[in-house]
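Since the structure comes first, as structure tokens, the remarks are kept for the end.
Residue numbers (the working numbering): 6 to 243.
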């Protein structure tokens, strides 16, 4: 299982939201590249990076910081937020991003995502509110069940599915293991849990659960409820 520490970018700063609400943004650093470097020093292999402004605008909005993070770390980076067309995908891949995350466009145009997955390293972001897919930076909830969307990407060539229980995100209330497993079962694609991770016990629970490929850690690190270095050591020993 891979632990992917997260950096969410808003107005060039490293922030965390609660339940996806932009007005809930809490700033943790004015230098996101330094946070990325800390993750690398702790033992991370991957960085989960999100352009929050881009997610709402539908186009890249934090390019300067993304470029700086890429230049200042050797981490593999997956990046999401506002990626809606091939031009943006190619721009990020050329910049050195290792994998792009397609979220809102995956719900609206799954055929496009499958086409892109045949040409570029792609992860699908499935974010859900009460089991239904949330889009446009979680500002809208669709009528599609998250598991139905997951089925769309079975044998599609996407590298991973990142599933977020929006009601858990940023709350430190524990990860939704069952939701993650339902997405993994529906898709057959390596599935990464996101939302609600609180402490080392959450990491242990996921490690003991067959079928979960990874977990994204955000607020638990920033608020100090999870010793990230110990979490990496725990995974390494498994």
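C-beta atoms are modelled at their ideal positions from N, C-alpha and C, and glycine is treated no differently.
Shortest alpha-carbon distance to residue i belongs to which of the options?
i           : options               : result
residue 188 : 73, 80 and 156        : 156
residue 178 : 200, 194, 164 and 162 : 200
residue 118 : 238, 210 and 165      : 165
residue 58  : 101, 85 and 181       : 85
residue 152 : 221, 145 and 111      : 111
residue 78  : 241, 45 and 210       : 45
residue 54  : 167, 29, 116 and 147  : 167
residue 135 : 64, 207, 183 and 19   : 183
residue 138 : 128, 154 and 127      : 154
residue 206 : 94, 240, 93 and 14    : 240
residue 128 : 145, 148 and 159      : 159
residue 31  : 237, 238, 20 and 210  : 20
residue 34  : 97, 113 and 17        : 17
residue 28  : 149, 61 and 11        : 61
residue 235 : 83, 14, 13 and 48     : 48
residue 208 : 146, 14, 226 and 195  : 226
residue 221 : 66, 15, 140 and 82    : 82
Check for me: the alpha helix (DSSP H) holding residue i runs from which residue to which?
i           : result
residue 205 : 205 to 212
residue 73  : 68 to 77
residue 234 : 233 to 242
residue 42  : 37 to 47
residue 59  : 57 to 62
Can you tell me which residues form a DSSP beta bridge with residue i?
i           : result
residue 137 : 134 and 150
residue 169 : 132 and 199
residue 23  : 26
residue 94  : In DSSP, residue 94 forms no bridge with anything.
residue 15  : 18
residue 116 : Residue 116 pairs with nothing; no bridge assigned.
residue 31  : 21
residue 9   : 221
Rounded to whole angstroms, how far is the Cβ of residue i from the Cβ of residue j, which I believe are closer than 8 Å?
i           : j           : result
residue 224 : residue 162 : The Cβ separation is near 32 Å, so there is no contact.
residue 8   : residue 219 : 7 Å
residue 231 : residue 203 : 7 Å
residue 50  : residue 80  : 7 Å
residue 37  : residue 70  : 5 Å
Which residues bound the beta strand (DSSP E) around residue i?
i           : result
residue 163 : Neither: residue 163 is in no beta strand (DSSP E) and is coded neither H nor E.
residue 191 : No beta strand (DSSP E) holds residue 191; the alpha helix (DSSP H) holding it covers 182 to 192.
residue 177 : Neither: residue 177 is in no beta strand (DSSP E) and is coded neither H nor E.
residue 81  : 81 to 85
residue 221 : 219 to 222
Any heavy atom of the ligand FAD within a distance shorter than 6 Å of the CB on residue i?
i          : result
residue 51 : Questions concerning the ligand FAD fall outside what the structure shown contains, since it holds no ligand whatsoever.
Would the region 21 to 35 count as touching the region 166 to 175 if we require 3 or more Cβ pairs under 8 Å? The region 21 to 35 vs the region 166 to 175: in contact.
With a cut-off of 8 Å, do at least 3 Cβ pairs link the region 97 to 108 to the region 81 to 89? With contact defined as three or more Cβ pairs closer than 8 Å, the region 97 to 108 and the region 81 to 89 are in contact.
Using 8 Å as the threshold, is the region 121 to 141 in touch with the region 66 to 80, meaning 3 or more CB pairs across them? Because the criterion of three Cβ pairs below 8 Å is not met, the region 121 to 141 and the region 66 to 80 do not touch.
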